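Enquirer: Numbering (my numbering), first residue to last: 135 to 315.
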């Protein structure tokens with residue numbers, strides 16, 4: 135059975151990571167474990183932006199993937215970016231093993247709104263499934279209810295489901311059933 139490992143990165147609420155693990159179990163029907171210790175984050179900090187470069191985190195994650203790991207998902211509460219964007223909710227290796235997601239801008243408090251822990255958990259799940267979808271070679275989907283739809287704001291995350299549309303499911307099945315033969 136496939137193993138998804140969750141890697142806490144920097145300061146992140148352990149209960150949030152444990153909730154994500156439980157939710158990913160139901161979505162992927164795979165074993166899912168939380169690695170300990172987590173990964174320190176200072177190497178990816180860029181003071182000029184006061185953010186962490188997610189591509190640098192993915193590079194570091196690649197060096198710690200264990201042979202028994204199917205997918206390695208980093209989870210952080212720190213603000214992530216890539217140079218061409220102001221921020222990212224996450225990043226993944228297209229067709230690779232590693233992905234990272236951030237809860238930082240998924241929190242209602244970031245937007246000056248009251249805390250909503252259930253909404254945060256739902257958004258984090260959607261972003262985790264989205265980034266793991268990229269590791270399965272899926273690109274952005276035009277169906278805005280599909281978890282693989284592009285999200286440039288939390289409102290777009292809130293619109294989509296936490297599952298793949300039938301077209302994206304077919305792409306994954308075609309890729310993995312062909313590689314099994």
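Just so it is clear, CB atoms sit at the ideal spot from N, CA and C, and this is done for glycine as well. Values in this document were obtained by computation on a predicted structure and should not be read as measured data.
Okay, do the stretch 146-157 and the stretch 178-187 touch, 3+ Cβ pairs below 8 Å being the bar?
Expert: No, the stretch 146-157 does not touch the stretch 178-187.
Enquirer: Residue range of the alpha helix (DSSP H) that residue 160 falls in?
Expert: It spans 148-162 - the alpha helix (DSSP H) in which residue 160 sits, taken as one unbroken run.
Enquirer: If you draw a straight line from the alpha carbon of residue 283 to that of residue 274, how long is it in whole angstroms?
Expert: C-alpha separation (whole angstroms): 5 Å.
Enquirer: Using C-beta distances below 8 Å, list every residue in its chain close to residue 272, excluding the 5 sequence neighbours before and after it, in chain order.
Expert: Here the set comprises 282, 298, 302, 305 and 306.
Enquirer: Relative to the C-alpha of residue 235, which residue among 147, 211, 244 and 193 is closest?
Expert: It is 211.
Enquirer: Which partner residues of residue 207 appear in the DSSP bridge assignment?
Expert: Paired residues: 140 and 233.
Enquirer: Can you tell me whether residue 180 is helix, strand or coil according to DSSP?
Expert: Here residue 180 sits in strand by DSSP.
Enquirer: For residue 198, I'd like the list of residues in its chain whose CB is within less than 8 Å of its CB, leaving aside the five on either flank, ordered along the chain.
Expert: Closer than 8 Å at Cβ, skipping near neighbours: 141, 173 and 206.
Enquirer: Ends of the beta strand (DSSP E) at residue 226?
Expert: Residues 224-226.
Enquirer: Any idea what DSSP makes of residue 283, helix, strand or coil?
Expert: Three-state DSSP puts residue 283 in a strand.
Enquirer: Please classify residue 251 as buried or exposed, where buried requires at least 16 neighbouring CB atoms within 10 angstroms.
Expert: It counts as exposed.
Enquirer: Near residue 242, what residues of its chain come up, given a Cβ to Cβ distance below 8 Å and the 5 sequence neighbours on each side ignored?
Expert: Result list for residue 242: 248, 249, 250, 253 and 254, in chain order.
Enquirer: Where does residue 308 land, buried or exposed, given buried means 16+ other C-beta within 10 angstroms?
Expert: Exposed: under 16 other Cβ atoms inside 10 Å.
Enquirer: Mapping the DSSP letters down to three states, classify residue 275 as helix, strand or coil.
Expert: Residue state, collapsed to three classes: strand.
Enquirer: Is the CB-CB distance between residue 240 and residue 288 below 9 Å?
Expert: Contact: yes.
Enquirer: In terms of residues, what are the limits of the alpha helix (DSSP H) holding residue 194?
Expert: Where residue 194 is concerned, the enclosing alpha helix (DSSP H) stretches over 188-196.
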